[in-house]
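Just so you know, the sequences run in chain order F and H. Heads up: the first sequence is residues 14 to 625, going by our numbering. Heads up: the second sequence is residues 14 to 625, going by our numbering. Glycine included, C-beta positions come from ideal geometry on N, C-alpha and C.
2 protein chains.
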Amino acid sequence: MNPATVEMLSGIANQLRIHSITATTAAGSGHPTSACSAADLVAALFFGQMRFDPKNPQYRNNDRFILSKGHAAPLLYAVWAELGVLPVSDLARLRQIGSDLEGHPTPRLPFVDVSTGSLGQGLSVGAGMQLAARVDHLDFRTYVLLGDGECAEGSVWEAANFAGIYQLNSLIALIDVNRLGQSQPTAFGHDLDVYKRRFEAFNWRTEVIDGHDMEEIIEVLSAAGLGTQPLAIIAKTVKGHGIPAIEDKEGWHGKPLSKEEAARAIAELQPKARAAGDVPIAPPRAVAPDTRVAPEAYPPIHYKLGELVATREAYGTALARIGGADERIVALDGDTKNSTYSEKFMKKFPDRFFECFIAEQNMVGAALGLSVFHKEAFVSTFAAFLTRAHDQIRMAGHSMGNIKLCGSHVGVSIGEDGASQMALEDIAMMRAVAGSVVLYPADAVATEKLVEQMARGRGIFFLRTSRPKAPVLYDNEEQFPIGGAKVLRKTPGDKVTVVAAGVTLHEALRAADELSKEGVGISVIDAYSVKPLGTDLIRSTAEQTGRQIVTVEDHYIEGGLGDAVAGELSGEGFRVHKLGVRESPHSGKSEELLARYGINAQAIAGAVRALI
Amino acid sequence: MNPATVEMLSGIANQLRIHSITATTAAGSGHPTSACSAADLVAALFFGQMRFDPKNPQYRNNDRFILSKGHAAPLLYAVWAELGVLPVSDLARLRQIGSDLEGHPTPRLPFVDVSTGSLGQGLSVGAGMQLAARVDHLDFRTYVLLGDGECAEGSVWEAANFAGIYQLNSLIALIDVNRLGQSQPTAFGHDLDVYKRRFEAFNWRTEVIDGHDMEEIIEVLSAAGLGTQPLAIIAKTVKGHGIPAIEDKEGWHGKPLSKEEAARAIAELQPKARAAGDVPIAPPRAVAPDTRVAPEAYPPIHYKLGELVATREAYGTALARIGGADERIVALDGDTKNSTYSEKFMKKFPDRFFECFIAEQNMVGAALGLSVFHKEAFVSTFAAFLTRAHDQIRMAGHSMGNIKLCGSHVGVSIGEDGASQMALEDIAMMRAVAGSVVLYPADAVATEKLVEQMARGRGIFFLRTSRPKAPVLYDNEEQFPIGGAKVLRKTPGDKVTVVAAGVTLHEALRAADELSKEGVGISVIDAYSVKPLGTDLIRSTAEQTGRQIVTVEDHYIEGGLGDAVAGELSGEGFRVHKLGVRESPHSGKSEELLARYGINAQAIAGAVRALI
């Protein structure tokens with residue numbers, strides 16, 4: 014070990030500490046002590062170990078760093094200031110509305126791939142990045158910095174399990190064991206052996222070090238990537254290290270130093286600090302750029318009108334169909350691939366399919382990691398179980414991420430398996446994600462066309478598929494633009510516009526038939542795009558039915574299609590009457606449940622009759 | 014070991030297999046092979062180990078059993094048929110709408126405490142039950158049966174971590190390692206050592222056994238409860254054990270046998286099977302009944318109008334205030350107790366407070382387990398992080414459970430910490446839970462009164478608290494019924510009714526002041542009860558403002574207060590115009606963000622002006 018290197022990196026670490034203290038004190042909030050505990054680890058990584066191009070932080074073969082303990086954001090910003098990418102003066106604007114140096118990192122900054130700050134999510138993202146490396150034959154490494162407190166999150170162990178199974182040996186977790194959580198010490202304090210035993214049990218290689226001994230840090234980092242196992246570096250650290258007055262003390266989480274305290278701390282650190290200005294950063298191995306884009310067209314589809322196909326099956330068929338023409342597509346599933354039909358993709362493209370086992374949080378996080386490398390990552394499981402990954406989906410929204418979720422087995426129409434397997438809240442969950450797109454096809458053609466658009470689009474997409482077989486309603490040439498809708502029945506003199514989607518669209522068509530025998534006409538709309546909603550068509554149709562609208566959905570009455578329609582159109586004086594599920598459903602046959610919970614043709618006809 | 018006992022229990026196990034096969038074949042769906050792998054374990058438990066009163070399954074000192082692998086439901090039903098609690102003939106009605114023997118267990122059955130079927134949740138519930146045992150000095154044990162596949166769920170490791178920390182030595186996990194998941198083998202097959210190492214790393218005692226060797230099963234079960242550690246029994250089993258034609262074969266998850274296959278299987282099992290009829294069940298130690306109910310009244314509150322108090326702080330104050338008069342109350346927090354203020358309760362009632370560390374899924378599951386023992390379990394963390402436990406909350410709804418959630422730090426009003434810490438989707442999430450109650454107080458008095466009602470009520474309650482201090486608006490005597498609302502401003506000639514809650518109520522009051530200077534009157538409503546909504550008062554108020562309503566909320570525009578109002582009232586021709594957050598927010602000062610995202614007084618006034 015070159016003593017000069019050790020001294021240099023320690024000096025940079027102290028410079029990062031000074032920046033972190035300065036920035037949080039200027040901001041009047043933030044987490045300087047969490048930055049200080051990790052400063053040596055991070056300095057060694059960026060200035061002594063990682064191979065990357067600071068001028069091009071998105072270069073595809075750069076080593077990657079994920080700050081899973083996002084509250085140490087000032088430390089990350091300090092690094093990029095020392096790399097010359099941010100003006101050092103910007104650090105004093107931390108947490109201000111006019112600066113993108115936010116309280117927790119977001120991809121508004123070019124060197125941040127995903128938003129962090131909800132703890133325990135970074136390791137999954139890192140695992141997903143390493144899947145991308147495998148698919149694209151890249152040799153970058155991914156370093157993820159975690160706090161010890163966040164290791165209580167189950168998502169960390171989902172990711173650890175996954176990385177162990179897939180032998181992601183270029184994934185390196187650094188555990189900053191600073192002993193102190195937000196409100197009290199962690200359960201294990203400085204018992205590093207607990208973390209060691211856990212990661213080893215999850216099939217990781219481990220190294221236990223003093224996280225402030227630069228020589229030790231450099232040594233273990235240089236052994237990253239060996240063997241077949243991912244590596245966990247478990248570092249004993251001190252919260253607030255470098256600030257003697259508050260080192261290792263409770264009550265200093267999320268608390269900046271006063272100006273006087275900061276000045277004193279900085280005065281003590283200054284003699285041991287140095288700027289990084291002249292330190293060379295090792296470049297990554299040069300690789301060809303990834304120029305793949307969506308193809309001009311995907312292969313055509315061939316359904317027959319009236320043919321019985323479940324939309325969940327059409328999802329799998331679609332992925333398998335477009336996966337050849339579009340190599341960007343990868344798929345992940347949580348041990349439900351024979352039910353979601355993602356296995357159709359797996360069978361054709363096994364190298365681009367990742368079985369994630371029953372661990373939905375990690376699956377969504379890994380998809381987000383894949384998306385950083387321009388993969389179109391399709392994630393499927395029962396829609397009910399996507400609730401398990403709600404926080405990861407939420408954070409993908411804040412990451413302005415690009416993931417394609419498919420949730421199958423929605424609503425009471427799944428039948429006998431019962432409420433635990435029925436998604437009844439997924440539309441509500443997915444609508445309330447920043448920039449999300451919520452799609453709910455009623456037939457195979459719509460499903461296939463929507464899957465194509467999911468692959469072409471960018472954002473948090475959700476496709477809601479159903480278990481029962483349903484007749485094909487549309488020609489193979491029909492187009493389904495995002496934000497559109499379809500009018501399937503419309504006659505002059507219609508009394509009510511019924512807005513439905515998925516299985517209830519078929520019920521609405523039956524209701525129309527039933528009502529027409531009574532001389533009552535209704536317009537029927539397929540709201541396959543729930544968000545953005547096909548508002549224009551619903552409006553223009555309902556204007557001709559006395560502004561009376563009935564919505565019907567196989568979903569809880571709250572937050573779903575009905576609320577979407579009411580929320581968009583009630584301001585204009587449209588009257589929206591909602592049908593949906595109002596209680597925890599029982600097991601039973603699909604048609605029995607549609608009847609019991611008031612969302613079948615009879616219920617729709619009844620609602621219409623009550624309005625005329 | 015008495016050979017007769019071994020033979021008897023093995024015989025009962027085979028009887029349970031026969032019932033499981035018969036029931037699923039009659040139903041035409043279900044999971045007989047998952048039942049058969051666990052039959053020996055379950056027979057030994059119920060007929061050889063557990064102390065309980067079959068006639069009174071809710072007896073508070075009964076040993077408890079949780080079928081975390083809920084798809085093995087027919088096995089559980091078979092047990093209770095053999096116990097004489099269900100007629101054996103009922104088993105043939107499995108999964109029918111007229112029978113409560115549902116596809117996955119629900120508490121519609123008296124011997125089921127919580128719904129299962131979303132995997133990986135049972136261990137947390139079991140841990141919560143053992144917390145209740147500790148609080149109430151009961152000595153029952155909780156046995157949780159998990160599949161190997163579900164051990165990929167992070168929630169299992171959150172629960173394992175928690176049980177290890179709290180040394181819940183009467184919590185016993187039985188891992189039914191049958192090697193096969195739904196769509197393929199698990200990652201570890203019959204490598205039992207993986208599970209052993211993991212549970213040991215999480216500070217559990219482990220036993221590895223052959224799950225079909227009754228002698229071994231009985232032996233390890235008899236050593237449950239020793240020492241200070243929870244016990245994991247890791248059992249090597251065969252999926253479909255007892256049905257030679259399909260034992261250990263892929264493609265048999267969730268698939269019943271044909272009538273012929275069933276007949277053949279039963280013919281082979283019958284000679285080795287025996288009914289349990291005469292087997293004595295050991296009774297539990299008798300304990301006094303828990304007669305505690307909510308007190309007549311809680312101690313009074315003493316706020317001054319205009320006093321600045323954050324609702325998050327009032328939550329903690331309220332819990333601490335009522336916790337003395339109401340011993341049913343317990344509190345759990347995820348290392349945020351100094352921010353949610355649940356620490357105020359902890360300081361007064363340390364024995365009824367459980368630090369859950371940063372593991373929200375387990376926290377909610379444990380609360381549900383506590384509620385089974387009539388605890389009023391209050392769970393607090395940042396509302397954004399409750400999304401982490403969405404699936405547990407969903408399942409608590411299907412359990413018809415009783416948990417009291419408090420989510421703090423909602424919306425952009427938290428300020429500088431940034432989007433990852435802001436709850437912007439929590440109302441949407443919580444409205445779409447069966448039987449939920451969603452409360453959103455704007456001041457300390459409302460908060461205190463709502464916490465009282467949460468303690469008195471039964472269901473899935475959610476209280477949304479805010480970070481900023483806000484002036485007290487209400488007298489100490491004001492009442493806040495669930496489903497109510499308050500009119501704070503109302504003058505003849507008002508043009509618009511503004512419906513707000515939390516921080517936006519204060520903005521609405523400012524808007525009213527601003528508009529009144531222009532001669533424009535608005536009615537202002539505090540919608541502190543978002544679900545059930547105070548519809549009657551909103552209706553009667555808005556009828557006097559030309560049916561024009563503006564809603565404003567510190568939440569995404571989808572699925573929150575605005576949709577709730579529109580969904581309730583648009584059918585009657587009210588016009589609802591929504592203000593809410595429409596993008597992932599930036600860091601900044603609270604007031605800057607309220608302005609930027611269009612939910613402050615100016616934005617409200619602007620929306621009103623646009624309508625008149």
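Problem - Contact check, leucine 592 of chain H vs valine 563 of chain H, beta carbons under 8 Å - result: Translated into the one-based positions of the second sequence, residue 592 of chain H becomes position 579. Translated into the one-based positions of the second sequence, residue 563 of chain H becomes position 550. Taking 8 Å as the Cβ cut-off, leucine 592 of chain H and valine 563 of chain H qualify as a contacting pair.
Exercise for the section: Indicate whether at least one CB of chain F lies closer than 8 Å to the CB of glutamate 556 of chain H. Expected result: On the second sequence, position 543 is the one that residue 556 of chain H refers to. By this cut-off, glutamate 556 of chain H is not an interface position.
Handout entry: Nearest-angstrom Cβ-Cβ length linking phenylalanine 124 of chain F and tryptophan 93 of chain F, presumed shorter than 8 Å
Key = Sequence index remark: in the first sequence, residue 124 of chain F carries index 111 (1-based). Sequence index remark: in the first sequence, residue 93 of chain F carries index 80 (1-based). That belief holds up - the Cβ atoms of phenylalanine 124 of chain F and tryptophan 93 of chain F are roughly 5 Å apart, short of 8 Å.
Practice task
Please state if the CB of valine 423 of chain H and the CB of serine 479 of chain H are separated by a distance shorter than 8 Å.
Solution key: As a first step, residue 479 of chain H is located in the second sequence; it is residue number 466 there, counting from the start. As a first step, residue 423 of chain H is located in the second sequence; it is residue number 410 there, counting from the start. Result yes, Cβ atoms of serine 479 of chain H and valine 423 of chain H sit closer than 8 Å.
Handout entry: Which listed residue (F:Ala457, F:Ala498, F:Asn489 and F:Leu463) has its alpha carbon closest to that of lysine 482 of chain F
Key = Along the first sequence, read from residue 1 onward, the residue named residue 482 of chain F stands at position 469. Answer by Cα proximity: F:Ala457.
Exercise for the section: Go through the segment 301-328 of chain H residue by residue and report every complete run of the beta strand (DSSP E) that reaches 3 residues or more, in order. Expected result: 321-323
Practice task
Determine the contact status of alanine 39 of chain H and leucine 107 of chain H, defining contact as a CB-CB distance below 8 Å.
Solution key: Residue numbering aside, residue 39 of chain H sits at position 26 when the second sequence is read from its first letter. Residue numbering aside, residue 107 of chain H sits at position 94 when the second sequence is read from its first letter. Yes. Within cutoff.
Problem - Buried versus exposed, by CB contacts within 10 Å (16 or more), valine 492 of chain H - result: For the purposes of this step, residue 492 of chain H is identified with residue 479 of the second sequence, where counting begins at 1. Note that residue 492 of chain H is glutamine in the sequence shown, not valine. Under this definition glutamine 492 of chain H is an exposed residue.
Problem - Under 7 Å from the C-beta of histidine 653 of chain H: neighbouring residues of chain F - result: Residue 653 of chain H falls outside the range modelled here, since chain H spans only 14 to 625, and no answer is possible.
Exercise for the section: Put phenylalanine 391 of chain F into one of helix, strand or coil per three-state DSSP. Expected result: As a working mapping, residue 391 of chain F is identified with position 378 in the first sequence. Of the three classes helix, strand and coil, the one that applies to phenylalanine 391 of chain F here is strand, per DSSP.
Problem - Beta-carbon proximity list for glycine 431 of chain H, same chain, < 6 Å, skipping 5 on both sides - result: Position 418 of the second sequence, counted from the first residue, corresponds to residue 431 of chain H. Cβ within range, chain order: Ser600.
Practice task
With a threshold of 16 other CB atoms inside 10 Å of the CB of lysine 530 of chain F, please say whether the residue is buried or exposed.
Solution key: Counting from one through the first sequence, the residue named residue 530 of chain F turns up at place 517. Exposed: under 16 other Cβ atoms inside 10 Å.
Handout entry: Interface flag, serine 597 of chain F vs chain H, CB-CB below 8 Å
Key = As a position in the first sequence, residue 597 of chain F is number 584, starting the count at 1. Closer than 8 Å to some Cβ of chain H, the Cβ of serine 597 of chain F qualifies, so yes.
Practice task
Starting from glutamate 642 of chain F, follow the alpha helix (DSSP H) in both directions and report where the run begins and ends.
Solution key: Look at the range of chain F in this structure, 14 to 625, and you will see that residue 642 of chain F is not part of it.
Handout entry: Assigned secondary structure, phenylalanine 475 of chain H (DSSP; H/G/I helix, E/B strand, else coil)
Key = As a first step, residue 475 of chain H must be located in the second sequence, where it is residue number 462. Looking at phenylalanine 475 of chain H - three-state DSSP - the assignment turns out to be strand.
Practice task
Using a cut-off of 9 Å between C-beta atoms, extract the partners of phenylalanine 78 of chain H located in chain F.
Solution key: Here residue 78 of chain H corresponds to residue number 65 of the second sequence, with the count starting at 1. The premise fails here: phenylalanine 78 of chain H is roughly 17 Å from chain F at the closest Cβ pair, so nothing lies under 9 Å.
Practice task
Look at the alpha carbon of serine 603 of chain F and the alpha carbon of threonine 119 of chain H, and state the distance between them as a whole number of angstroms.
Solution key: For this step, residue 603 of chain F is matched to residue 590 along the first sequence. For this step, residue 119 of chain H is matched to residue 106 along the second sequence. Approximately 19 Å between the Cα atoms of the pair.
Exercise for the section: Go to leucine 501 of chain H, then tell me how far its alpha helix (DSSP H) extends in each direction, as first and last residue. Expected result: Position 488 of the second sequence, counted from the first residue, corresponds to residue 501 of chain H. Careful: leucine 501 of chain H lies outside any alpha helix (DSSP H), inside the beta strand (DSSP E) at 499-502.
Problem - Contact test: leucine 270 of chain F Cβ vs the ligand NAP heavy atom, cutoff 7 Å - result: Judged by which ligands are present, the structure shown has none, so any question about the ligand NAP falls away.
Problem - the segment 458-465 of chain H / the segment 506-521 of chain H touching (three or more Cβ pairs under 8 Å) - result: No, the segment 458-465 of chain H is not in contact with the segment 506-521 of chain H.
Problem - Unbroken beta strand (DSSP E) run spanning alanine 513 of chain H, endpoints - result: What you label residue 513 of chain H is simply residue 500 of the second sequence in a count that begins at 1. Residues 509-513.
Practice task
Output the residue ranges of the alpha helix (DSSP H) runs that lie fully inside the segment 517-583 of chain H and measure 4 residues or longer, sorted by chain position.
Solution key: 548-555 and 574-582
Handout entry: Minimum length 4: unbroken alpha helix (DSSP H) runs contained in the segment 119-167 of chain H
Key = List check, alpha helix (DSSP H) in window: 135-149.
Handout entry: Residues from the segment 580-596 of chain F in contact with chain H, defined by Cβ distance under 9 Å
Key = Gly580, Glu581, Leu582, Ser583, Gly584, Glu585, Gly586, Phe587, Arg588, Val589, His590, Lys591, Val594, Arg595 and Glu596
Problem - Cβ-Cβ separation, glycine 24 of chain H to glycine 382 of chain H (assumed contact under 8 Å), whole Å - result: In the second sequence, residue 382 of chain H corresponds to position 369, counting from 1. In the second sequence, residue 24 of chain H corresponds to position 11, counting from 1. The Cβ separation is near 33 Å, so there is no contact.
Exercise for the section: Establish whether the CB of glutamate 571 of chain H and some CB of chain F are separated by less than 8 Å. Expected result: Taking the first residue of the second sequence as position 1, residue 571 of chain H is located at position 558. Closer than 8 Å: yes.
Handout entry: Opposing strand residues paired with cysteine 419 of chain F [DSSP bridges]
Key = Here residue 419 of chain F refers to the residue found at position 406 of the first sequence. Its beta-bridge partners are F:Ser393 and F:Leu476.
Exercise for the section: Measuring only between beta-carbons, confirm whether glutamate 368 of chain F sits less than 8 Å from chain H. Expected result: Taking the first residue of the first sequence as position 1, residue 368 of chain F is located at position 355. Chain H, which has a Cβ nearer than 8 Å to the Cβ of glutamate 368 of chain F, makes this yes.
Problem - Within chain H, the residues that phenylalanine 398 of chain F reaches when beta carbons sit closer than 8 Å - result: Sequence index remark: in the first sequence, residue 398 of chain F carries index 385 (1-based). Under the 8 Å cutoff, chain H gives Ser131 and Asp404.
Exercise for the section: Would you list, in sequence order, the uninterrupted beta strand (DSSP E) runs of no fewer than 3 residues that lie entirely inside the segment 170-228 of chain F? Expected result: 184-190 and 218-223, all fully within the segment 170-228 of chain F.
Handout entry: 7 Å Cβ shell around phenylalanine 358 of chain F - same chain, five flanking residues per side excluded
Key = Looking up residue 358 of chain F in the first sequence gives position 345. Gly329, Leu332, Ala333, Gly336, Ala344 and Phe366.
Exercise for the section: Less than 8 Å between the CB atoms is what I'm expecting for lysine 544 of chain F and valine 450 of chain F, so what's the real figure, rounded? Expected result: Position 531 of the first sequence, counted from the first residue, corresponds to residue 544 of chain F. Position 437 of the first sequence, counted from the first residue, corresponds to residue 450 of chain F. Yes, lysine 544 of chain F and valine 450 of chain F are in contact; Cβ-Cβ is about 6 Å, under 8 Å.
Problem - Supposed contact pair alanine 85 of chain H and histidine 44 of chain H - C-beta distance, whole angstroms, cut 8 Å - result: If you number the second sequence from 1, residue 44 of chain H lands on position 31. If you number the second sequence from 1, residue 85 of chain H lands on position 72. Indeed they touch by this definition, with Cβ atoms about 6 Å apart.
Exercise for the section: Note down, in chain order, every chain F residue with its Cβ under 8 Å from the Cβ of alanine 40 of chain H. Expected result: Within the second sequence, the letter at position 27 stands for residue 40 of chain H. Within chain F, the residues Glu429 have their CB atoms less than 8 Å from the CB of alanine 40 of chain H, given in chain order.
Practice task
State yes or no: is the beta carbon of glutamine 28 of chain F nearer than 8 Å to at least one beta carbon in chain H?
Solution key: Within the first sequence, numbered from 1, the residue matching residue 28 of chain F stands at position 15. Contact with chain H is absent for glutamine 28 of chain F, since none of that chain's Cβ atoms lies less than 8 Å from the residue's Cβ.
Handout entry: Neighbourhood of alanine 105 of chain H by C-beta, 6 Å cutoff - its chain only, sequence neighbours within 5 removed
Key = Along the second sequence, one-based indexing puts residue 105 of chain H at 92. Only Ala39 meet the Cβ criterion.
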